[in-house]
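Q: At position 42 of the sequence shown (counting the first as 1) the number is 42 in full-length UniProt numbering, and the numbers step up by one without a gap.
One structure, pasted below without further comment.
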Amino acid sequence: MNIEKLDKNMKVNTKIQEKNLCVYNIDDEPFELLGVQRDGDIYVRMDLNVAKSVSQSVYDLAKHTSGGRVRFKTDSKFIALFCKVPAVGTMRHMPKTGQCGFDVFADGVFTAFVAPDDETPEEFEGIHYFPDKKMREIVIGFPLYNTTNHLYLGLENGAAVEKCPPYEKKVVFYGSSITQGACASRPGSSYASITARSLGWDFLNLGFSGNAKGETAMANYIKNLKMDVFVYDYDHNAPDSAHLEKTHKPFFDIIRAQNPSLPVIFMSRPDFHNGSLEDNIKRKAVIFNTFAKAMADGDKNVYFIDGNSLWGEYGYDCCTVDGCHPTDLGMWRMAEMVTNTIRRIKF
Numbered sequence: 001m002n003i004e005k006l007d008k009n010m011k012v013n014t015k016i017q018e019k020n021l022c023v024y025n026i027d028d029e030p031f032e033l034l035g036v037q038r039d040g041d042i043y044v045r046m047d048l049n050v051a052k053s054v055s056q057s058v059y060d061l062a063k064h065t066s067g068g069r070v071r072f073k074t075d076s077k078f079i080a081l082f083c084k085v086p087a088v089g090t091m092r093h094m095p096k097t098g099q100c101g102f103d104v105f106a107d108g109v110f111t112a113f114v115a116p117d118d119e120t121p122e123e124f125e126g127i128h129y130f131p132d133k134k135m136r137e138i139v140i141g142f143p144l145y146n147t148t149n150h151l152y153l154g155l156e157n158g159a160a161v162e163k164c165p166p167y168e169k170k171v172v173f174y175g176s177s178i179t180q181g182a183c184a185s186r187p188g189s190s191y192a193s194i195t196a197r198s199l200g201w202d203f204l205n206l207g208f209s210g211n212a213k214g215e216t217a218m219a220n221y222i223k224n225l226k227m228d229v230f231v232y233d234y235d236h237n238a239p240d241s242a243h244l245e246k247t248h249k250p251f252f253d254i255i256r257a258q259n260p261s262l263p264v265i266f267m268s269r270p271d272f273h274n275g276s277l278e279d280n281i282k283r284k285a286v287i288f289n290t291f292a293k294a295m296a297d298g299d300k301n302v303y304f305i306d307g308n309s310l311w312g313e314y315g316y317d318c319c320t321v322d323g324c325h326p327t328d329l330g331m332w333r334m335a336e337m338v339t340n341t342i343r344r345i346k347f
């Protein structure tokens, strides 16, 4: 049964008929590419040589474009997206709109999405018409759990296309599948994206699904990044509390040695009652102890968020898809806590 034939409101405009458009390559000026960089015929989140030195899995996941965005200003009456990906993933618990789709924000408000269809999943397109012609700041979010080959934009012929003012601050996130964005409905609904958008900041998403294990090579990479806040969301992917204890503080020490005044936010896992409660209690203690030791040593730029508090009490069961990975509600509640913590920091 094709529900689009029964309900016209479920029909998605996937074919572009507009003739009065000019096609742009996002790799060219004045478009600003954020959170990803071009590497051959794909976009990547970090240097692939460094990723390979961390692990084969991080190398593979670095090709997922979570946190990737293109940003610009235009007065075009419409925006069209022409997307090309090498393959489309099919996770059972995450919609295609988030896993392998793109979303469009205009002046900070969600406006449109484009996701693969069943006919030509590797090459897909879509168009959105604005109600009026005026200058808007456009941010297009890349897929959270997919590789991207190309993204071309179609704008009205003769429309102004300008560079946006640069972001003043940047936050870097390091963590697990939840950090990468599982299982948000759209790229802009990951907790990292919501946090940065709420603050008006740039961000880099270094969430690696199942493979954020506190490796020294990763710490040495992150320590040299330009950032104003580091969200250290490393807990979930440590095989056990013993591994976490062995790696958590040394990782932080590497970051802190290079960045003595950088605000660092420590977070423990949000699904505290998922898995072994005894091990989860030990994990949280490890993370808190890293924080407490830093405080005891006179470090005034560390903050701790108890993951067990992130999803609250009311509606807790609506915050995940599978007991672990957040829905948009779960992502929103995480972002709210992280955002409020960052707003308390005096820069």
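Beta carbons are placed, not taken as given, at the ideal position from N, Cα and C, and that holds for glycine.
Quick caveat, the model's predicted, so the values are computed rather than measured.
1. Using the C-alpha atoms, what's the distance from Glu156 back to Gln180?
2. Would you call the CB atoms of Gly141 and Pro187 closer than 8 Å?
3. With distances taken from CA atoms, which of Lys300, Ser66, Glu122 is nearest His150?
4. Spell out a yes or no on whether the stretch 69-88 and the stretch 217-232 are touching, meaning 3 or more CB-CB pairs, one atom from each, closer than 8 Å.
5. Which residue's Cα is closest to the Cα of His236: Cys183, Asn289, Gly307?
6. Quick one: is Ile127 buried, meaning 16 or more other Cβ sit within 10 Å of its Cβ, or exposed?
7. Between Phe266 and Tyr232, is the Cβ-Cβ spacing less than 8 Å?
8. So for Gly98, helix, strand or coil by DSSP?
9. Measuring straight from C-alpha to C-alpha, what distance separates Asn301 and Thr290?
10. Within the stretch 181-206, note down every full alpha helix (DSSP H) run reaching 4 residues or more, in order along the chain.
11. Sort Leu199, Asn340, His325, Met337 by Cα distance to Ser176 and report the nearest one.
12. CA-CA distance, Ser66 and Asn205?
13. Who are the Cβ neighbours of Arg269 in its own chain at under 6 Å, not counting the five residues just before and after it?
14. How do the stretch 48-59 and the stretch 210-221 stand: do at least 3 beta-carbon pairs fall below 8 Å, yes or no?
15. Tell whether a beta-carbon distance below 8 Å holds between Met331 and Ala184.
16. To the nearest angstrom, how far is the alpha carbon of Ser193 from that of Glu18?
17. Nearest to Thr195 by CA position, among Lys169, Leu61, Thr216, is which residue?
18. In three-state terms, what does DSSP make of Ala219?
19. According to the Cβ coordinates, are residue 350 and Leu244 closer than 8 Å?
20. Any contact of the stretch 129-139 with the stretch 98-107, i.e. 3+ C-beta pairs under 8 Å?
21. Look at the alpha carbon of Asp103 and the alpha carbon of Gly298, and state the distance between them as a whole number of angstroms.
22. Val321 and His93 look like a contact to me (Cβ under 8 Å); what is the Cβ gap, rounded to whole Å?
A: This is what the structure holds:
1. The count along the sequence shown starts at 1 and reaches residue 180 at position 180. The count along the sequence shown starts at 1 and reaches residue 156 at position 156. The straight-line gap from Cα to Cα measures roughly 34 Å.
2. Taking the sequence shown and counting its residues from 1, one reaches residue 141 at position 141. Taking the sequence shown and counting its residues from 1, one reaches residue 187 at position 187. For Gly141 and Pro187, yes; Cβs fall inside 8 Å.
3. Residue mapping note: residue 150 aligns to position 150 of the sequence shown, counting from 1. Measuring from the Cα of His150, the nearest candidate turns out to be Glu122.
4. no
5. Here residue 236 corresponds to residue number 236 of the sequence shown, with the count starting at 1. With distances taken between Cα atoms, His236 lies closest to Gly307.
6. Stepping through the sequence shown from its first residue, residue 127 is reached at position 127. Per the 10 Å Cβ criterion, buried.
7. For this step, residue 266 is matched to residue 266 along the sequence shown. For this step, residue 232 is matched to residue 232 along the sequence shown. Yes, the pair counts as a contact, with Cβ atoms nearer than the cut-off.
8. Locating residue 98 in the sequence shown gives position 98, where the first residue counts as 1. Gly98 falls in the helix class under three-state DSSP.
9. Residue mapping note: residue 301 aligns to position 301 of the sequence shown, counting from 1. Residue mapping note: residue 290 aligns to position 290 of the sequence shown, counting from 1. Rounded to whole angstroms, Asn301 to Thr290 spans 13 Å at the Cα level.
10. 191-199
11. Here the question's residue 176 lines up with position 176 in the sequence shown. Of the candidates Leu199, Asn340, His325, Met337, the one whose C-alpha sits nearest the C-alpha of Ser176 is His325.
12. Sequence index remark: in the sequence shown, residue 66 carries index 66 (1-based). Sequence index remark: in the sequence shown, residue 205 carries index 205 (1-based). One C-alpha to the other measures close to 6 Å.
13. Residue numbering aside, residue 269 sits at position 269 when the sequence shown is read from its first letter. Result list for Arg269: Asp235, His236, Gly307, in chain order.
14. yes
15. Counted from its first residue, the sequence shown places residue 331 at position 331. Counted from its first residue, the sequence shown places residue 184 at position 184. Yes. Within cutoff.
16. Taking the sequence shown and counting its residues from 1, the one referred to as residue 193 is at position 193. Taking the sequence shown and counting its residues from 1, the one referred to as residue 18 is at position 18. Approximately 31 Å between the Cα atoms of the pair.
17. Taking the sequence shown and counting its residues from 1, the one referred to as residue 195 is at position 195. Among Lys169, Leu61, Thr216, the Cα nearest to that of Thr195 belongs to Lys169.
18. Numbered from 1 along the sequence shown, position 219 holds the residue referred to as residue 219. In this structure, Ala219 counts as helix in the three-state DSSP scheme.
19. The shown model of the chain, from 1 to 347, leaves out residue 350, and the question about it has no answer.
20. yes
21. The residue labelled residue 103 in the question sits at position 103 within the sequence shown. The residue labelled residue 298 in the question sits at position 298 within the sequence shown. If you take the alpha carbons of Asp103 and Gly298, they lie about 43 Å apart.
22. In the sequence shown, counting from the first residue as 1, residue 321 sits at position 321. In the sequence shown, counting from the first residue as 1, residue 93 sits at position 93. About 5 Å separates the two Cβ atoms, so the contact holds.
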